[in-house]
Amino acid sequence: MAIVSRGFSGRRREGGERLPPGQYLVEDFPVLSAGPTPVVPPDRWEFAIDTESGQTHRWSWRELMALPRQRQTVDIHCVTRWTKLDTTWEGVSLDVLFEDVETTADYALVHSYGGYTTNMPLDDLLDGKAWIAYRFDGEELAPVHGGPARLLVPHLYFWKSAKWVRGIRLLDDDWPGFWETAGYHNYGDPWREQRYEDD
Amino acid sequence: MARRPTWRPARLAEVRRETGTARTLRLEVPGWPGHVAGQHLDLRVTAEDGYTAQRSYSLAAPADGDSVELTVEQVPDGEVSPYLTEVMEVGDEVEVRGPVGGWFVWRAEGTAPVLLVAGGSGIVPLMSMIRARRRAASRVPFRLIYSLRDFGGRYYAEELRRPDPGLDVTYVYTRTPPEGWRRPAARIMLDDLAEGGWPAGFEPECYVCGPTGFVEAAADLLLALGHAPQRIRTERFGPTGG
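Protein chains in written order, with UniProt numbering: chain A, 1 to 199; chain B, 1 to 242.
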């Protein structure tokens, strides 16, 4: 039974069924990062998928740009409780990058320029659920938001959408990443409010 | 380690006004498990009809038994902060859970010199570190660079004026400096961090907290001064931190 806060009435902002529990809507785009913003020029950018059997698949910036791109509009949810509706991104579906990757791994550990890591089941990156995004709102992705390219996994809390993404390591066993070892939930489903470990 | 986070009732025990738009709330939270300087908590307010809103707030001081402190800035057009800064009275209740966050923290066992760089309300978790240092009688040298629009915007003004051996405080004013202030009004610059901070060779731990633009600028300046990225921890307060 919740405690009533005397004198609090609240705003009851719009959002309705698209707002996960405990979230509130924002119009701007807050920035959260654990350290300085890495600067990664596209000509030095590289993305790699390393399989559990030791094979590496690599893409340069130019190679990434040559792949079929998608444009999609999604809602994004940050564990710090803001939700932004109808954000528009352009990028390459992970399904395209995984076309020639042979793997039976169950888990992915995503890593970034700057050393950030985050983990998720591989299934959460496939079947149209995740992208390497390099444009936001019709513009090049700004460095503070992870430019030149970030992972975009809109169905999980946004810390899973690693900024400055550099690669994915496929693993047979789960390996928690940066926030997952710092008390945050291992999976991070906004609709089940999986914010912290044991939520 | 695993501990199911639980919501606990929190009763407002004391209020201190910091500025025209910010106040410090001391909450009594029976069963509060304690926390490390720099951590925050989640706060939930519930209206009579059951509508709830939740926000995260930095803890402003080390735990004192079941007593915790937050300093809340009123966000224009905010939903929760106007309640906390204007409406809530001593004796009123909210719920909290935590502590949360294990990265932007300072532990009293630390031995490296510490540089704190605060922009506006970003001082809150850094003040918790200053108070934790004092409480632990740590001799680790601290330097604080506190960037503000104007003199009246200072949080914890009295406390930061009192001598605290091993803590040096530098104020940077971006709009209206006090009369006779030598540094002209300007956003934080390389010289501010070079003079008010530590040489990179001392390998200090740097904590930067404030609005996004401020944190970006300060972190980039620290990198330019040779500080290693892995020793620069940042926490950004969006304008929507309401």
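Every residue gets a Cβ at the ideal spot worked out from N, C-alpha and C, and that includes glycine.
*Could you tell me whether the Cβ atoms of B/Arg-149 and B/Thr-174 are closer together than 8 Å?*
Along the second sequence, one-based indexing puts residue 149 of chain B at 149. Along the second sequence, one-based indexing puts residue 174 of chain B at 174. Yes; because the gap between Cβ atoms is below 8 Å, this pair is in contact.
*Go ahead and label B/Glu-14 buried or exposed: buried means 16 or more other beta carbons lie within 10 angstroms of its beta carbon, across all protein chains shown.*
Counting from 1 along the second sequence, the entry for residue 14 of chain B is found at position 14. Exposed: under 16 other Cβ atoms inside 10 Å.
*Kindly say whether A/Leu-32, judged by its beta-carbon, lies nearer than 8 Å to any beta-carbon of chain B.*
Numbered from 1 along the first sequence, position 32 holds the residue referred to as residue 32 of chain A. By this cut-off, A/Leu-32 is an interface position.
*For B/Leu-144, verify whether its CB is less than 7 Å away from any heavy atom of the ligand ATP.*
Looking for the ligand ATP in the displayed structure turns up nothing, as the structure carries no ligands at all.
*In its own chain, which residues sit with a C-beta less than 6 Å from the C-beta of B/Leu-221, not counting the 5 before and 5 after it?*
Reading the second sequence from its first residue, position 221 is the one you call residue 221 of chain B. Closer than 6 Å at the Cβ level, and outside the excluded window around B/Leu-221, lie Leu-190 and Leu-193.
*asked:* So B/Gln-54 contacts chain A; which residues on that side make the cut at Cβ distance below 7 Å?
replied: Walking along the second sequence from the start, residue 54 of chain B turns up at place 54. Under a criterion of Cβ atoms nearer than 7 Å, the residues of chain A adjacent to B/Gln-54 are, in order, Gly-22 and Arg-81.
*chain A residues whose Cβ lies nearer than 9 Å to that of B/Ile-232*: In the second sequence, residue 232 of chain B corresponds to position 232, counting from 1. Within chain A, the residues near B/Ile-232 are Gly-35 and Pro-36.
*Just the chain A side, please: which residues come within less than 7 Å of B/Asp-66 by C-beta, in chain order?*
Your numbering for residue 66 of chain B matches position 66 in the second sequence. Those do not exist, as B/Asp-66 stays about 16 Å from chain A at its closest Cβ, beyond 7 Å.
*What is the C-beta distance between B/Val-117 and B/Ala-218, in whole angstroms, given that I count them as a contact (C-beta under 8 Å)?*
Here residue 117 of chain B refers to the residue found at position 117 when the second sequence is read from its first residue. Here residue 218 of chain B refers to the residue found at position 218 when the second sequence is read from its first residue. Contact flag correct, Cβ pair sits at about 5 Å.
*Tell me, please, whether the CB atom of B/Met-88 is closer than 8 Å to any CB atom in chain A?*
Here residue 88 of chain B refers to the residue found at position 88 when the second sequence is read from its first residue. For B/Met-88, the answer is yes, since a Cβ of chain A falls inside 8 Å of its Cβ.
*Is it the case that the Cβ atoms of B/Leu-84 and B/Leu-25 are separated by a distance below 8 Å?*
Counting from one through the second sequence, the residue named residue 84 of chain B turns up at place 84. Counting from one through the second sequence, the residue named residue 25 of chain B turns up at place 25. A contact, by the Cβ cut-off of 8 Å.
*Skipping 5 residues on each side, what residues in its chain have a beta carbon closer than 6 Å to that of A/Leu-67?*
Mapped onto the first sequence, residue 67 of chain A falls at position 67. The answer, listed in chain order, is Val-92 and Val-96.
_Inside the UniProt domain "Oxidoreductase molybdopterin-binding" (35-179) of chain A only - alpha helix (DSSP H) runs reaching at least 4 residues_ = Segments of the alpha helix (DSSP H) lying fully in the UniProt domain "Oxidoreductase molybdopterin-binding" (35-179) of chain A: 61-65 and 94-97.
*Give a yes or no on whether the minimum CB-CB distance between B/Glu-158 and chain A is below 8 Å.*
The residue labelled residue 158 of chain B in the question sits at position 158 within the second sequence. No, no contact with chain A.
*Return the CA-CA distance between B/His-227 and B/Ala-112, expressed in angstroms with no decimal places.*
The count along the second sequence starts at 1 and reaches residue 227 of chain B at position 227. The count along the second sequence starts at 1 and reaches residue 112 of chain B at position 112. Each residue's alpha carbon lies about 13 Å from the other.
*Report buried or exposed for B/Ser-121, applying the criterion of at least 16 other Cβ atoms within 10 angstroms of its Cβ.*
Taking the first residue of the second sequence as 1, we reach residue 121 of chain B at position 121. The residue is buried, with at least 16 neighbouring Cβ atoms inside 10 Å.
*CB-CB under 6 Å to B/Arg-135, same chain, minus the five flanking residues each way: which ones, in chain order?*
In the second sequence, residue 135 of chain B corresponds to position 135, counting from 1. Same-chain partners within the cutoff: Pro-62.
_Simplified DSSP state of B/Glu-235, which is helix, strand or coil_ = Within the second sequence, numbered from 1, the residue matching residue 235 of chain B stands at position 235. Residue state, collapsed to three classes: strand.
*Could you pull the start and end residues of the alpha helix (DSSP H) that B/Leu-84 belongs to?*
Here residue 84 of chain B refers to the residue found at position 84 of the second sequence. Per DSSP, B/Leu-84 belongs to no alpha helix (DSSP H) and is neither H nor E.
*Any C-beta of chain B sitting closer than 8 Å to the C-beta of A/Arg-18?*
Here residue 18 of chain A corresponds to residue number 18 of the first sequence, with the count starting at 1. Residue contact check for A/Arg-18 against chain B: no CB pair falls below 8 Å.
_Cβ separation of A/Gly-167 and A/Ala-48, assumed to be a contact under 8 Å, to the nearest whole Å_ = Counting from one through the first sequence, the residue named residue 167 of chain A turns up at place 167. Counting from one through the first sequence, the residue named residue 48 of chain A turns up at place 48. Their Cβ separation, rounded to whole angstroms, is 4 Å, which keeps A/Gly-167 and A/Ala-48 in contact under 8 Å.
*Segment limits, alpha helix (DSSP H) that includes B/Asp-66*: The count along the second sequence starts at 1 and reaches residue 66 of chain B at position 66. Neither: B/Asp-66 is in no alpha helix (DSSP H) and is coded neither H nor E.
*Using the beta-carbon of each residue, which ones in chain A are nearer than 9 Å to B/Thr-71?*
By one-based count along the second sequence, residue 71 of chain B stands at place 71. Per Cβ cutoff of 9 Å: no residues; B/Thr-71 is ~18 Å from chain A at best.
*State buried or exposed for B/Gln-230, treating a residue as buried only when at least 16 other CB atoms are found within 10 Å of its CB.*
Walking along the second sequence from the start, residue 230 of chain B turns up at place 230. That one is exposed.
_Just verifying my parser: in three-state terms, what is the DSSP assignment at A/Gln-23?_
The sequence position of residue 23 of chain A within the first sequence is 23, counting from 1. If DSSP states are grouped into helix, strand and coil, A/Gln-23 belongs with coil.
*Does B/Pro-5 have its Cβ less than 8 Å from a Cβ in chain A?*
Looking up residue 5 of chain B in the second sequence gives position 5. So yes, B/Pro-5 belongs to the interface.
*Candidates A/Leu-64, A/Thr-51, A/Glu-193 and A/Gly-10: which alpha carbon is nearest A/Ala-149's?*
One-based indexing of the first sequence puts residue 149 of chain A at position 149. Per the Cα distances, A/Leu-64.
*Secondary structure of A/Trp-191, DSSP reduced to three states*: Working through the first sequence from its first residue, we reach residue 191 of chain A at position 191. DSSP places A/Trp-191 in helix when its eight states are reduced to three.
_Whole-angstrom C-beta distance between B/Gly-110 and B/Glu-205, which should lie under 8 Å_ = Taking the first residue of the second sequence as position 1, residue 205 of chain B is located at position 205. Taking the first residue of the second sequence as position 1, residue 110 of chain B is located at position 110. About 7 Å; that satisfies the 8 Å criterion.
*For A/Phe-178 versus A/Ile-76, is the C-beta distance shorter than 8 Å?*
The residue given as residue 178 of chain A occupies position 178 in the first sequence. The residue given as residue 76 of chain A occupies position 76 in the first sequence. No, they are not a contact pair.
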